[in-house]
Amino acid sequence: MPRTKKFRRFRLLVILLALLLVVGGAVGGWLGVRTVKSSFPQTTGTIQLKGLSGPVTVIRDGKGIPQIYANTPADLFMAQGFVQAQDRFWQMDVDRHITSGTLSSMFGKSQVQTDTFIQTMGWRQVAQTEYDTKLSATTKQYLQAFSAGVNTWLGQHPGGAGASLEYGLLGVAYGGYKPAPWTPVDSVSWLKAMAWDLSGNMQQEVDRSLLSQSLSTQQIAQLYPSYPYATSPTILKTGTVGSDGTYTPAAGDGTSGQGAGTGGSGGTTGTNASYRSSGTVQGLNQAATQLAANIDSIPAMLGTPGQGIGSNSWVVSGEHTTTGEPLLANDPHLGPGLPSIWYQMGLHCNTVSAACPYDVTGYTFAGMPGVVIGHNQSISWGFTNLGADVQDLYLEQVTSPDTYLLDGKQVAFKTRTVTLKVAGGPDQTVTVRSTADGMPIISDHSTEEQNVGQDAPVSGNAPARGGGYAIALKWTALTPSNTMDSVFELDRATDFKGFQAAARDFAVPAQNLIYADTQGNIGYQAPGQIPIRPAGDDGTYPQPGWSSAYQWKKMIPQKSLPYVENPAAGYIVTANQAVVDSSYPYELTDDWDYGVRSTQINALIRAKLANGGKISPEDMQSMQLDDTSVMAKTLVPKLLQVKLPAAYAKPYYQDALQLLRDWNDKQDSGSAAAAYYNAVWSNLLHLAFDEKFPAQVRATTDCVMQLPPASANLPADSLNGPPKPVSVCGTRSPDQAQPDGGDQWMTVVTQLLKNPDSDWWTYTDSQNAQVRGLDQLLVKAIVDARNQLTSLMGKDIGTWSWGRIHTLTLKEQTLGTDNSSIASGLVHKLLNRGPYQLDGGTAAVDAAGWNSSAGYQVDWVPSMRMVVDLSDLDGSQWINVGGASGHAYDAHYNDQTQLWADGQLLPWPFSAAAVKSAAVDTLVLNP
Numbered sequence: 001m002p003r004t005k006k007f008r009r010f011r012l013l014v015i016l017l018a019l020l021l022v023v024g025g026a027v028g029g030w031l032g033v034r035t036v037k038s039s040f041p042q043t044t045g046t047i048q049l050k051g052l053s054g055p056v057t058v059i060r061d062g063k064g065i066p067q068i069y070a071n072t073p074a075d076l077f078m079a080q081g082f083v084q085a086q087d088r089f090w091q092m093d094v095d096r097h098i099t100s101g102t103l104s105s106m107f108g109k110s111q112v113q114t115d116t117f118i119q120t121m122g123w124r125q126v127a128q129t130e131y132d133t134k135l136s137a138t139t140k141q142y143l144q145a146f147s148a149g150v151n152t153w154l155g156q157h158p159g160g161a162g163a164s165l166e167y168g169l170l171g172v173a174y175g176g177y178k179p180a181p182w183t184p185v186d187s188v189s190w191l192k193a194m195a196w197d198l199s200g201n202m203q204q205e206v207d208r209s210l211l212s213q214s215l216s217t218q219q220i221a222q223l224y225p226s227y228p229y230a231t232s233p234t235i236l237k238t239g240t241v242g243s244d245g246t247y248t249p250a251a252g253d254g255t256s257g258q259g260a261g262t263g264g265s266g267g268t269t270g271t272n273a274s275y276r277s278s279g280t281v282q283g284l285n286q287a288a289t290q291l292a293a294n295i296d297s298i299p300a301m302l303g304t305p306g307q308g309i310g311s312n313s314w315v316v317s318g319e320h321t322t323t324g325e326p327l328l329a330n331d332p333h334l335g336p337g338l339p340s341i342w343y344q345m346g347l348h349c350n351t352v353s354a355a356c357p358y359d360v361t362g363y364t365f366a367g368m369p370g371v372v373i374g375h376n377q378s379i380s381w382g383f384t385n386l387g388a389d390v391q392d393l394y395l396e397q398v399t400s401p402d403t404y405l406l407d408g409k410q411v412a413f414k415t416r417t418v419t420l421k422v423a424g425g426p427d428q429t430v431t432v433r434s435t436a437d438g439m440p441i442i443s444d445h446s447t448e449e450q451n452v453g454q455d456a457p458v459s460g461n462a463p464a465r466g467g468g469y470a471i472a473l474k475w476t477a478l479t480p481s482n483t484m485d486s487v488f489e490l491d492r493a494t495d496f497k498g499f500q501a502a503a504r505d506f507a508v509p510a511q512n513l514i515y516a517d518t519q520g521n522i523g524y525q526a527p528g529q530i531p532i533r534p535a536g537d538d539g540t541y542p543q544p545g546w547s548s549a550y551q552w553k554k555m556i557p558q559k560s561l562p563y564v565e566n567p568a569a570g571y572i573v574t575a576n577q578a579v580v581d582s583s584y585p586y587e588l589t590d591d592w593d594y595g596v597r598s599t600q601i602n603a604l605i606r607a608k609l610a611n612g613g614k615i616s617p618e619d620m621q622s623m624q625l626d627d628t629s630v631m632a633k634t635l636v637p638k639l640l641q642v643k644l645p646a647a648y649a650k651p652y653y654q655d656a657l658q659l660l661r662d663w664n665d666k667q668d669s670g671s672a673a674a675a676y677y678n679a680v681w682s683n684l685l686h687l688a689f690d691e692k693f694p695a696q697v698r699a700t701t702d703c704v705m706q707l708p709p710a711s712a713n714l715p716a717d718s719l720n721g722p723p724k725p726v727s728v729c730g731t732r733s734p735d736q737a738q739p740d741g742g743d744q745w746m747t748v749v750t751q752l753l754k755n756p757d758s759d760w761w762t763y764t765d766s767q768n769a770q771v772r773g774l775d776q777l778l779v780k781a782i783v784d785a786r787n788q789l790t791s792l793m794g795k796d797i798g799t800w801s802w803g804r805i806h807t808l809t810l811k812e813q814t815l816g817t818d819n820s821s822i823a824s825g826l827v828h829k830l831l832n833r834g835p836y837q838l839d840g841g842t843a844a845v846d847a848a849g850w851n852s853s854a855g856y857q858v859d860w861v862p863s864m865r866m867v868v869d870l871s872d873l874d875g876s877q878w879i880n881v882g883g884a885s886g887h888a889y890d891a892h893y894n895d896q897t898q899l900w901a902d903g904q905l906l907p908w909p910f911s912a913a914a915v916k917s918a919a920v921d922t923l924v925l926n927p
């Protein structure tokens with residue numbers, strides 16, 4: 001298609017900026033630097049902020065990290081809004097357009113599908129209701145003060161290049177855009193994005209549904225095995241829930257217990273099992289396909305839901321540390337990007353009192369007041385994703401445009417009309433339908449969800465599907481809550497009871513919260529709104545919406561949720577593993593992480609404590625960097641037993657295989673053995689699973705020979721002839737495709753290795769012949785891995801290293817990721833950073849994760865790392881991916897990434913004296 005004038009102007013501007021920045025000639029360099037630097041924040045001197053009651057001091061260290069000092073909470077949070085806007089307003093502006101479903105007003109018609117899906121779920125509407133009806137008056141005051149600070153900055157920088165380089169680029173493509181004033185609801189809405197990206201098992205629910213079109217229930221259960229309680233420790237030794245609903249921690253050792261129960265994912269029993277097995281498998285598959293596309297359409301602000309979103313945290317009591325007081329470590333695993341996901345800062349009342357109770361520092365999100373993870377003067381806390389199943393899909397029998405079926409009766413939909421403003425084009429009108437109990441119909445504007453309704457498994461008593469069932473979403477985040485209250489409550493808590501009280505308000509997303517304080521106490525609390533489903537419903541497949549028997553009953557009482565204080569073991573590890581065993585009376589989820597990382601962390605701690613040993617802050621940091629491949633301990637001995645046939649018994653293949661013989665299972669970036677092992681692992685997964693999976697779960701880059709559906713079930717007679725396989729490529733974005741190679745697949749393969757004759761070990765060779773047996777498949781994986789790495793890194797294995805292919809590129813994703821044009825490619829060259837060669841790997845403690853369906857590039861990372869020393873808070877350390885600034889070419893845009901990649905931590909000054917000693921810039925905000 002011909003290029004428009006706007007496109008040509010956009011391209012010329014980008015090329016001009018690139019030349020000015022790169023060439024750096026006397027005049028050109030001066031003009032380019034001036035253009036870019038015009039948006040950099042003022043960090044010294046004084047600025048007037050109307051609305052302050054007194055002066056506020058902003059002290060920045062050598063990495064540009066701000067520590068704010070004020071006399072009142074209102075002044076503190078107003079200054080926080082102003083400073084965040086200085087550094088990150090473009091990011092804040094784009095993120096609020098995501099959460100409000102209004103990206104089209106910035107970026108045009110390409111974002112209409114994304115906006116429609118988010119508008120259908122109504123994130124912004126829920127946030128507005130929370131603000132209007134749920135949040136405390138104090139929280140509202142803080143949000144209003146934060147908004148006033150943002151808007152003061154915005155009034156001084158009303159869009160254009162003076163606000164950020166990106167606004168200049170956007171203005172050329174879509175002239176006339178001007179940021180609206182910031183509102184408190186913009187901040188509250190961020191919690192919906194956080195909940196979405198850290199959501200429960202909807203992705204697994206969709207994948208199971210898609211797999212059901214080509215696999216049996218038993219085969220799918222093999223791919224989603226039960227949690228290995230016998231080998232993977234739970235977070236807590238399971239306590240009891242009394243007749244009054246109160247949870248009591250287990251006597252004795254209260255952490256890292258191994259449950260006696262055997263339940264877990266893969267066990268689809270009772271109502272759920274009978275629902276799926278008693279009818280035909282039809283409409284769910286196509287609807288799940290569309291839902292997957294809708295999920296893919298939402299920008300992953302924290303990471304891809306259900307794909308590698310994990311975290312590590314652990315806390316060790318003072319009896320086991322060299323400092324004599326607790327040590328706490330945390331590193332959330334999220335999708336990387338620029339600007340950084342996290343924003344580091346400190347919020348300090350000049351005099352801490354009941355009137356001004358804040359003396360807190362840590363990590364927050366741009367656009368959100370307070371501190372989300374970190375420590376104050378008395379306590380420290382960390383988060384990992386609990387992974388509670390808080391989302392369910394329901395099949396709805398639509399009987400007319402206005403009605404659906406429920407318990408044999410016609411029920412009217414609730415409807416609302418949304419008008420989408422589209423930059424560069426006409427407005428779009430969207431009608432959103434919801435069930436009477438508030439579940440949005442997420443298939444109305446997407447052929448994928450509509451297709452799910454065509455093939456969903458239903459019982460013999462199900463109503464006629466007609467053109468297919470509609471798909472509705474039940475999700476706790478769509479019920480108004482007061483999670484924002486919890487953020488401020490955590491920031492000012494001073495003991496375990498205060499911490500627990502704050503956790504009770506943390507409704508979504510459900511997290512594992514760990515705790516330590518300066519009095520020597522450690523603890524854990526599971527918070528969140530978690531539904532109680534009907535007996536036998538495990539939440540692993542979509543449910544029939546036409547029967548109220550499948551509706552959620554209520555939420556697990558907060559007093560019934562697991563916790564522990566000062567366990568006898570003296571440490572607590574959370575890494576997304578099962579919280580408790582199956583003796584716990586409520587179902588939290590059937591889709592836990594399988595405990596690979598948590599088992600390794602527990603082993604590292606036990607090794608340090610053996611023979612009376614103690615753990616130091618340096619040990620905590622070293623554990624965060626452990627890059628051991630636990631799966632290699634199982635798979636490598638099998639590989640070394642393989643006898644290569646004569647065709648491959650030559651040095652070219654044997655030398656590569658011999659790399660594994662003396663390998664220590666460490667995935668260091670310089671390791672050739674790590675590169676070869678991971679290539680074998682990737683090829684093993686491809687051979688064992690890809691051709692058996694439907695295209696809807698495989699990557700677009702993954703093409704395999706399969707029988708077309710039309711001929712798969714025909715007799716091979718003289719008229720039909722033998723069925724002829726054809727090349728079928730996947731339809732899913734590679735970073736969301738399966739198998740992804742994570743700990744689920746490690747658990748699956750570990751079990752299958754015990755059965756060398758399993759049908760999963762059958763694959764089709766290049767001559768379309770079936771090859772059977774584990775040994776044959778391992779030979780093929782060994783050979784293919786050698787050939788693949790030769791193509792990627794050359795024939796000489798002496799030049800191989802894991803880091804050459806296991807790389808991280810930080811991408812500025814708010815302007816999109818498409819590089820198909822010269823202009824878009826240059827934009828990303830201006831704003832992206834990398835590549836960085838990384839240690840670690842999927843399911844390692846140092847979780848530099850990669851999807852085996854997409855390649856070896858890094859998709860999720862430890863997004864930050866912190867180690868808090870409760871004996872000396874000034875001795876704590878931290879690091880971020882990226883930097884404090886969101887302005888490309890600012891010195892602090894990306895000044896922490898290389899340090900992070902090298903495994904280093906930065907000093908984390910907390911006391912006023914330490915902050916002053918580390919100060920580089922000081923800014924005073926005056927009334």
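Here the sequence shown is numbered in the UniProt record's numbering, starting from 1 and rising by one per residue.
Just so you know, even glycine gets a beta-carbon here, dropped at the ideal spot from N, CA and C.
These numbers were taken from a predicted model, which means no experiment stands behind them.
Determine the direct distance from the alpha carbon of residue 688 to that of residue 627, and round the result to whole angstroms.
26 Å
Report buried or exposed for residue 694, applying the criterion of at least 16 other Cβ atoms within 10 angstroms of its Cβ.
buried
Taking 7 Å as the limit between beta carbons, can you name the residues of its chain near residue 903, skipping five residues before and five after?
625
Only counting the same chain, and skipping five residues up and downstream in sequence, which positions put a Cβ closer than 7 Å to that of residue 107?
423
Along the chain, where does the beta strand (DSSP E) that runs through residue 361 open and close?
359-365
Going residue by residue through the stretch 589-671, where are the continuous beta strand (DSSP E) segments of at least 3 residues, counting only ones entirely within it?
none
Go ahead and pull the three-state DSSP assignment for residue 56.
strand
For residue 678, which three-state DSSP category applies?
helix
Residue 393 vs residue 546 beta-carbon contact at 9 Å:
no
What three-state label does DSSP hand residue 37 in the structure shown?
helix
Taking the DSSP output, what are the residues bridged to residue 314?
329 and 573
Cβ-based burial, residue 606 [other Cβ within 10 Å; buried from 16]:
exposed
In whole angstroms, what separates the C-alpha of residue 604 from that of residue 675?
24 Å
Helix, strand or coil at residue 45 [DSSP, three-state]
strand
Restricting to Cα atoms, I'd like to know which of 885, 917, 629 and 907 is closest to residue 165.
885
9 Å Cβ cutoff met for residue 782 and residue 644
yes
Does residue 759 pass the burial test, meaning 16 or more other C-beta atoms within 10 Å, or should it be called exposed?
exposed
Out of 83, 501 and 40, state which residue places its alpha-carbon closest to the alpha-carbon of residue 925.
83
Drop a sphere of 10 angstroms on the beta-carbon of residue 661, count the other beta-carbons inside from all chains shown, and report buried for 16 or more, exposed for fewer.
exposed
Should residue 729 be labelled buried (16 or more other beta-carbon atoms within 10 Å of its own) or exposed?
exposed
Just the C-alpha distance for residue 248 and residue 388, rounded to the nearest angstrom, thanks.
20 Å
Which two residues bound the contiguous beta strand (DSSP E) that contains residue 345?
342-349
Return yes when the Cβ of residue 629 is within less than 9 Å of the Cβ of residue 593, no when it is not.
no
Own chain partners of residue 211 with C-beta closer than 6 Å, once the 5 adjacent residues on each side are dropped
220
On the DSSP letters alone, give me the boundaries of the beta strand (DSSP E) that residue 892 sits inside.
Taken as a continuous stretch (DSSP letters only), residue 892 belongs to no beta strand (DSSP E), as it is neither H nor E.
Straight-line Cα distance separating residue 537 from residue 262:
Model confidence at residue 262 stands at a pLDDT of 37, short of 50, so the residue's coordinates are unreliable; what they give is reported in the following sentence. Computed Cα separation, rounded: 17 Å.
Determine contact between the stretch 870-877 and the stretch 323-332, defined as no fewer than three beta-carbon pairs at a distance below 8 Å.
yes
With C-beta atoms as the reference, is residue 382 less than 9 Å away from residue 315?
yes
Here's a check: name, in chain order, each residue in its chain whose Cβ is nearer than 6 Å to the Cβ of residue 196, leaving out the five neighbours to either side.
none
Buried versus exposed, by CB contacts within 10 Å (16 or more), residue 535:
exposed
From residue 148 to residue 617, what does the alpha carbon distance come to, in whole angstroms?
40 Å
Give a yes or no on contact between the stretch 137-155 and the stretch 96-114, applying the rule of three or more CB pairs nearer than 8 Å.
no
How is residue 163 classed by DSSP in three states: helix, strand or coil?
coil
Within the chosen definition, does the stretch 412-423 reach the stretch 558-575 through at least 3 CB pairs nearer than 8 Å?
no
Closer than 8 Å by C-beta to residue 751: which residues in its own chain qualify, once you throw out the five before and the five after it? Chain order, please.
222 and 225
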